[in-house]
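Accompanying notes for the structure given below.
So this is what it looks like as C-alpha cells:
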C-alpha cells in the first residue's frame, strides 16, 4: 500500500493524538503507584545530657536509626522505580509520642512531588518508650537533626544543598531551633537546612525566661539563618493557650511579630481554625498529660490534659501546604 504525503501526515497526527495521552497516563500512573526505594539506615549522633551543675554536656555517641525513602523516577525515558540524581530531601522529626502515622502521611505526598524523606527515631536511640520518659528538653535532641543532615549529604542521589526539615510538636521545636544561627553553628558547624516546616511547635516556649536555650531571633540574641520557615498551628492548641477561650495560634503569630522585619519576611504562619494539637495525626483521639501544656501551667497540675484530636480535612490541607512550600523552597 502506498500512502500519499497527506495521508501519511494524517496518520501520524492520529497516532500522536493517541500516543501523547497514553504517555501522560503512564507518567501519572507512575506517580500514583510507584513505590519509593526504602532503606533502613543508622548513623551516629552526639548524646547530650544535663550534668549535676545544670549544664548541657556531651556524653558519648548514640546510634540513631531511620527510614530513608527515595521516590521513583517517573520522568519519560527513565527506568521506573530507580532513583534520580540530585534529589531534594526532607528530614522528618517525630513528636513526644514517637514515630507514628504522621511521618508516612506526609512522606507519601512528598514522594509524589519527587522529594526524598528520612524519618528518624530519636526515642529508640535513647531507650525511650513513651513521652513520659523523653529527654528533659528538646535541646538535648538538637544534634540528631544535624547528624541526619550530615548523613543525607553522604547519600548518592541526594542533593546535600537541598535538604529541608519537617517536625511535629517536639520535632517542630527542633525544626524551629535549627533555623537559628546559634543552634545551627553550635550543633551543626557549617551545616544548614534549606527550609523548615514546624507543625504546632509550642510557640510560647520561645524567648521564655523559664525555659533554657529558648532564644529565637536576632532581638533575643539568636539571629535566624535566613532559611524560610513555615509554621502550621491550630486555634485550639492546648499547649499555646491557658484556657479553652484563648486562641491557641496567637502565640505563634506573636512570635513572628517579635522578630526583626528581615526575619519576619522568611516566616509564614498558617492557622487552622478549630484544629487541635496534632490534628494531622490521623489516629484515635486521646488526652495525654504533658507538663509543658497550657503555657507550662500543667507542670503544677497533674490532672491537666492536652486534647489531641485528628481532623482529616485539615490534615490534607496542611499536607498540601507543606508540599507546595518544599517544592518552592528546596
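Numbering (UniProt numbering), first residue to last: 1 to 330.
Where is the CB? At the ideal position from N, CA and C, for every residue including glycine.
For residue 268, which residues of its own chain have a beta-carbon under 8 Å away from its beta-carbon, when the five flanking residues on both sides are left out?
Stepping through the chain shown from its first residue, residue 268 is reached at position 268. Once the five neighbours on either side are set aside, the close Cβ partners of residue 268 are 228, 229, 230, 231 and 325.
Using DSSP bridges, identify the partner residues of residue 63.
Numbered from its first residue, the chain shown carries residue 63 at position 63. In the DSSP output, where bridge partners are listed per residue, residue 63 has 44.
Helix, strand or coil at residue 124 according to DSSP, with G and I counted as helix:
Locating residue 124 in the chain shown gives position 124, where the first residue counts as 1. Reduced to three states, the DSSP call for residue 124 is helix.
Let me check understanding here. Comparing Cα to Cα, which of 211, 139, 190 and 278 lies closest to residue 177?
On the chain shown, residue 177 is found 177 positions in, with the first residue counted as 1. Ranking 211, 139, 190 and 278 by Cα distance to residue 177 puts 139 first.
Anticipated Cβ contact below 8 Å, residue 285 with residue 170, distance rounded
Walking along the chain shown from the start, residue 285 turns up at place 285. Walking along the chain shown from the start, residue 170 turns up at place 170. At roughly 19 Å, the Cβ-Cβ gap does not stay under 8 Å, so residue 285 and residue 170 are not in contact.
So, are the CB atoms of residue 146 and residue 99 less than 7 Å apart?
Your numbering for residue 146 matches position 146 in the chain shown. Your numbering for residue 99 matches position 99 in the chain shown. No, the pair does not count as a contact, with Cβ atoms beyond the cut-off.
Reference residue 251, options 200, 278 and 211, closest by Cα
Here residue 251 refers to the residue found at position 251 of the chain shown. Nearest of 200, 278 and 211 to residue 251, Cα basis: 200.
If you draw a straight line from the alpha carbon of residue 300 to that of residue 289, how long is it in whole angstroms?
Taking the first residue of the chain shown as position 1, residue 300 is located at position 300. Taking the first residue of the chain shown as position 1, residue 289 is located at position 289. Taking the straight line from one Cα to the other gives about 11 Å.
Suppose the cutoff is 6 Å on Cβ atoms and the five residues either side in sequence are ignored; what does the same chain contact list for residue 259 look like?
If you number the chain shown from 1, residue 259 lands on position 259. Result list for residue 259: 217, in chain order.
Rounded to a whole number of angstroms, what is the C-alpha to C-alpha distance between residue 70 and residue 42?
Counted from its first residue, the chain shown places residue 70 at position 70. Counted from its first residue, the chain shown places residue 42 at position 42. Distance between the alpha carbons of residue 70 and residue 42: 16 Å.
What residues in its chain sit with their C-beta under 7 Å from that of residue 306, if we drop five residues either side in the sequence?
For this step, residue 306 is matched to residue 306 along the chain shown. Cβ neighbours of residue 306 beyond the five flanking positions: 238, 239, 277, 287, 288, 290 and 293.
C-alpha distance - residue 144 paired with residue 248, whole-angstrom precision:
Residue mapping note: residue 144 aligns to position 144 of the chain shown, counting from 1. Residue mapping note: residue 248 aligns to position 248 of the chain shown, counting from 1. If I take the Cα positions, the gap works out to 28 Å.
Cα separation between residue 166 and residue 219?
For the purposes of this step, residue 166 is taken as the residue at position 166 of the chain shown. For the purposes of this step, residue 219 is taken as the residue at position 219 of the chain shown. Approximately 25 Å, taken between the alpha carbons.
The beta strand (DSSP E) spanning residue 272 covers which residue range?
Taking the first residue of the chain shown as 1, we reach residue 272 at position 272. Looking at the DSSP string, the run of the beta strand (DSSP E) that includes residue 272 is 267-272.
Within a Cβ cutoff of 8 Å, which residues of the same chain sit near residue 313, ignoring the five residues on either side of it in sequence?
Taking the chain shown and counting its residues from 1, one reaches residue 313 at position 313. Closer than 8 Å at Cβ, skipping near neighbours: no residue.
Distance check for residue 59 and residue 212, CA to CA, integer angstroms please.
As a working mapping, residue 212 is identified with position 212 in the chain shown. As a working mapping, residue 59 is identified with position 59 in the chain shown. So the two alpha carbons sit approximately 19 Å from each other.
Own chain partners of residue 40 with C-beta closer than 8 Å, once the 5 adjacent residues on each side are dropped
Against the chain shown, residue 40 aligns to sequence position 40. Excluding positions up to five away in sequence, the list reads 65, 66, 67 and 68.
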